[in-house]
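The next block holds one structure in the form of structure tokens; read it before the comments.
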Amino acid sequence: MAMTRSLSRPPSARGGGRRRHRLMGTVAANIAVLAVAVVAAFPILVVVVTALSPQQDVLSWPPALFPQSWTLSNVPGVFERLPVWQELGNTVMLSVSVTVLSLVLDSLMAYALAFIPFRGRSALFVTLIVTMMIPFQTLLVPLYKMLSAFGLVGTMVGMVIPRAADVMGIFLLRQFFIQIPQDLHNAARIDGASEFRIYRSIVLPNAAAGLLTLGMFNFIGNWNDMLWPMVMSNSAEERTLTAGLALLNGTSLGTIPYGVTMAGSLISVIPLVVVFAFIQKRFIEGVASTGIKG
């Protein structure tokens, strides 16, 4: 009977019903996306508002989303309490050095695992994957003792070397490399190209999205890292900005300067936003291709 009633409707009525359903679906999807965007943006809003609020408004009870007055005094407060430029320079040096070294070493290892046949290659790859399950915190003490024995504690070299290669990066790049047509690789070998020439002239250009994605992950991860720079530094001149902000809270006598801390967080994020703005399109393409083909 229901089928009879549906067939009895005129075509224009059925078309109008489908358009109405599509419109309702689109509206519901937009509302859901807007809700997720508001939830995701709320912590950022809290940081910005706190950075621009006087301390008494931040500590007022009941808490208010917006302060009774606005102030910029927290920004110079960051420069008074921390050697911002020194710590920012250390952050840049750590992030750039680790990113460059990791791209080189990870891509070489990924190339060997993807293209060079040797005995035990599969076992080596599985072993590397298993090591990804070991938390970094369990390696912290033995790693610190080893670097201390070499006299590298408190130096930038000591911060960079343990992170110069990363299993996650090797895995990610290997997944990109194996998607490159094998015919290109075979043709280059027939023409007499060396393995390094194939790696440099064929594999790397075709895996640019993967390299960019890994580079961005490494750069952001090391820029925001707090634990390792805190462990490896002995003074404010050796710390990164994130570690300095963490110690600013931990060593403050009396009330924690929340406004100053949030202003420092905003200062530390600005370079990341600038970098991401320049490579946003390629970075999203790389993440998307990793999710589809990886």
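Quick note, the sequence shown lines up with residues 867 to 1160 if you use the numbering used here. All C-beta atoms in this analysis are idealised placements derived from N, C-alpha and C, irrespective of residue type, glycine included. As the structure is a computational prediction, the values presented were derived from the model and not from experiment.
Quick one, which of the options has its alpha-carbon nearest residue i's?
i: residue 981; options: 1125, 914 and 1070; result: 1070
i: residue 1009; options: 1045, 897, 1087 and 1029; result: 1029
i: residue 961; options: 1138, 979, 1018 and 897; result: 1138
i: residue 1082; options: 952, 1102, 1038 and 1061; result: 1038
i: residue 1151; options: 1078, 968 and 932; result: 1078
i: residue 1092; options: 900, 1105, 931 and 967; result: 1105
i: residue 952; options: 1127, 1122 and 1108; result: 1108
i: residue 912; options: 932, 884 and 997; result: 932
i: residue 971; options: 1114, 1089 and 1027; result: 1027
i: residue 1006; options: 919, 1024, 1111 and 990; result: 1024
For the alpha helix (DSSP H) that residue i lies in, which residues bound it at each end?
i: residue 950; result: 950-981
i: residue 1012; result: 1002-1015
i: residue 1030; result: First-last for residue 1030: undefined, no H or E at that position.
i: residue 945; result: 940-947
i: residue 1024; result: 1022-1026
i: residue 1053; result: 1048-1056
i: residue 989; result: 987-997
i: residue 1063; result: 1061-1064
Say whether chain B places a C-beta atom closer than 8 angstroms to the C-beta of residue i.
i: residue 1136; result: Annotation note: the requested chain B is absent from the structure, which comprises a single protein chain.
Original post:
Quick check: the stretch 1139-1147 against the stretch 924-944, are there 3 or more CB pairs under 8 angstroms?
Top reply: no
Original post:
Any contact of the stretch 1016-1027 with the stretch 1097-1104, i.e. 3+ C-beta pairs under 8 angstroms?
Top reply: yes
**OP:** Check whether the stretch 1032-1051 touches the stretch 1060-1076, taking contact to mean three or more Cβ pairs, one atom from each stretch, closer than 8 angstroms.
**Re:** yes
**OP:** Note down, one range per segment and in chain order, each alpha helix (DSSP H) of at least 4 residues found wholly within the stretch 1079-1114.
**Re:** 1093-1098
**OP:** Taking 8 angstroms as the threshold, find out whether the stretch 1128-1137 comes into contact with the stretch 940-947 through three or more Cβ pairs.
**Re:** yes
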